[in-house]
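Here the sequence shown stands for residues 90 to 423, where the numbers follow our numbering. We treat Cβ as the ideally placed atom computed from N, Cα and C, and that holds for glycine.
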Amino acid sequence: MRYVGMQTQIRRNNTLSIVLLLMFPVIILVMDWVFLAALNYFGGGSYNEYDELVYRLDVNTVNQIFITTVPWIIVGVSVWFTVAYFSNVSMIQQATGARPVSRKENPRLYNIVENLCMTCNMDMPKINVVDDPQLNAFASGINPKSYTVTVTTGLMNLLDDDELAGVLGHELTHIRNHDTKLLVTSIVFVGIVSTVMSLAVQMMYQSLWHSGGRRRGNNKEGGGLSIVLILLIGVVCCAIAYVFTLLTRFAISRKREYMADAGGAELCGNPLALASALRKISGNPGLDNVKRADVAQLFIIQPDEMKQGLLSFMNSLFSTHPDTEKRIAILEQF
90 MRYVGMQTQI RRNNTLSIVL LLMFPVIILV MDWVFLAALN YFGGGSYNEY
140 DELVYRLDVN TVNQIFITTV PWIIVGVSVW FTVAYFSNVS MIQQATGARP
190 VSRKENPRLY NIVENLCMTC NMDMPKINVV DDPQLNAFAS GINPKSYTVT
240 VTTGLMNLLD DDELAGVLGH ELTHIRNHDT KLLVTSIVFV GIVSTVMSLA
290 VQMMYQSLWH SGGRRRGNNK EGGGLSIVLI LLIGVVCCAI AYVFTLLTRF
340 AISRKREYMA DAGGAELCGN PLALASALRK ISGNPGLDNV KRADVAQLFI
390 IQPDEMKQGL LSFMNSLFST HPDTEKRIAI LEQF
């Protein structure tokens with residue numbers, strides 16, 4: 090595997106964050122134009138002299154309507170992204186059930202994090218705990234005020250101090266490499282797209298249900314747009330949103346986990362301890378209260394729940410985590 094230094098990794102992550110920031114509004118605007126074009130095409134059908142229904146796309150009309158919607162989309166997405174971006178800490182806490190912990194409540198955990206921060210000369214992040222018997226940990230945040238390291242109670246109970254220091258060093262390295270900034274940006278973007286598309290599909294489904302599946306009348310003056318076609322257009326938009334999710338996952342290199350493993354091994358001074366911790370976590374990874382795949386990008390090991398079901402092959406193909414056994418093998422080579 091080609092050597093990549095920490096500063097190189099930081100520059101890559103910062104570049105990817107900027108690329109995602111630029112890509113997102115473009116994807117949204119393209120989806121908006123496609124949706125308007127589909128409405129215009131299927132809604133502008135008319136019958137010719139041979140009693141055949143003919144569809145036409147009026148590009149000029151679509152462009153005029155699109156131009157009027159652009160400012161509203163930009164303002165709406167900007168407001169939503171701003172709120173989500175700066176409230177990401179509370180959003181992730183709610184999604185995972187995490188709670189803050191103090192030195193008095195858990196001196197062992199607090200002291201290990203503090204010692205590791207002193208070793209690498211970084212500011213002390215916030216420390217959260219998830220009351221869950223399963224094993225996992227993650228780092229989050231976009232700036233020194235929001236940087237947070239979170240572990241489960243199951244992880245603390247099963248790992249010894251050296252193993253726990255290795256895991257915490259891994260998460261602190263994610264913060265130092267700006268991995269968390271990139272991941273939070275990805276989660277916010279995908280969350281906005283998924284929410285908008287879900288609301289659109291639900292509204293179309295409700296319209297279809299209440300209309301009783303009524304179809305367009307057979308008048309020859311022009312065919313209005315049927316509810317079924319609107320629903321199909323919504324499904325296409327959802328497919329585009331899903332493709333965006335895959336592109337976002339591709340943008341997040343799996344090498345970040347190898348880099349964090351190397352940084353964690355360096356901080357704790359014991360690569361074998363981190364390898365042992367990963368082996369233990371792989372036996373029971375997960376968080377019972379978390380079902381969102383986007384949040385799972387933060388975890389040190391992808392939860393079992395995300396690897397099961399009909400999409401297990403797709404999850405492995407587009408997974409943002411490398412194989413755990415490969416990570417352990419590399420650590421044991423140190």
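Under the three-state DSSP convention, the category residue 368 falls into: In the sequence shown, residue 368 corresponds to position 279, counting from 1. Helix at residue 368.
Enclosing alpha helix (DSSP H) for residue 345 [first to last residue]: As a working note, residue 345 is residue 256 in the sequence shown. Counting along the chain, the alpha helix (DSSP H) containing residue 345 begins and ends at 344–357.
Spatial distance of residue 343 from residue 387 (CA atoms): Position 254 of the sequence shown holds residue 343. Position 298 of the sequence shown holds residue 387. Distance between the alpha carbons of residue 343 and residue 387 is about 12 Å.
Where residue 188 falls: helix, strand or coil (DSSP): Here residue 188 refers to the residue found at position 99 when the sequence shown is read from its first residue. In the three-state DSSP reduction, residue 188 falls in the strand class (E or B).
Simplified DSSP assignment, three categories, for residue 272: Counting from 1 along the sequence shown, the entry for residue 272 is found at position 183. In the structure shown, the three-state DSSP call for residue 272 is helix.
Cβ-based burial, residue 346 [other Cβ within 10 Å; buried from 16]: In the sequence shown, counting from the first residue as 1, residue 346 sits at position 257. Answer is buried; the Cβ neighbour count reaches 16.
Contact belief for residue 424 with residue 423 at Cβ below 8 Å, rounded distance in angstroms: Coverage of the chain is limited to positions 90 through 423, which leaves residue 424 absent and any answer about it impossible.
Closest residue to residue 367 among 195, 161, 253 and 216 (Cα-Cα distance): Position 278 of the sequence shown, counted from the first residue, corresponds to residue 367. Comparing Cα-Cα distances from residue 367 to each of 195, 161, 253 and 216, the minimum goes to 253.
Backbone CA spacing between residue 392 and residue 369 [nearest angstrom]: To locate residue 392, count along the sequence shown from 1; it is residue 303. To locate residue 369, count along the sequence shown from 1; it is residue 280. A straight line joining the alpha-carbon of residue 392 with that of residue 369 spans about 13 Å.
Collapsed DSSP secondary structure at residue 278 in the structure displayed: The residue you call residue 278 lines up with position 189 of the sequence shown. Helix.
From 116, 187 and 103, residue whose alpha carbon lies closest to that of residue 283: In the sequence shown, residue 283 corresponds to position 194, counting from 1. Minimum Cα distance to residue 283 is reached at 116.
With 16 other Cβ atoms within 10 Å as the buried cut-off, status of residue 266: By one-based count along the sequence shown, residue 266 stands at place 177. That one is buried.
Segment limits, alpha helix (DSSP H) that includes residue 155: Numbered from 1 along the sequence shown, position 66 holds the residue referred to as residue 155. From DSSP, the alpha helix (DSSP H) with residue 155 extends over 148–175.
Alpha carbon of residue 198 to alpha carbon of residue 245, nearest angstrom: Working through the sequence shown from its first residue, we reach residue 198 at position 109. Working through the sequence shown from its first residue, we reach residue 245 at position 156. Computed Cα separation, rounded: 8 Å.
Member of 172, 419, 353 and 321 whose CA lies at the smallest distance from the CA of residue 127: By one-based count along the sequence shown, residue 127 stands at place 38. The option with the nearest alpha carbon to residue 127 is 321.
Option nearest residue 216 by Cα separation, candidates 229, 223 and 210: To locate residue 216, count along the sequence shown from 1; it is residue 127. When each option's Cα is compared against that of residue 216, the closest is 229.
Same chain only: Cβ atoms within 8 Å of residue 236, ignoring 5 sequence neighbours per side: Counting from one through the sequence shown, the residue named residue 236 turns up at place 147. Within the same chain, and ignoring the five residues on either side of residue 236 in sequence, the residues whose Cβ sits closer than 8 Å to its Cβ are 212, 214, 215, 228, 229, 230, 264 and 269.
Alpha-carbon spacing of residue 113 relative to residue 278, whole angstroms: Taking the sequence shown and counting its residues from 1, the one referred to as residue 113 is at position 24. Taking the sequence shown and counting its residues from 1, the one referred to as residue 278 is at position 189. Straight-line measurement puts the Cα of residue 278 at about 7 Å from the Cα of residue 113.
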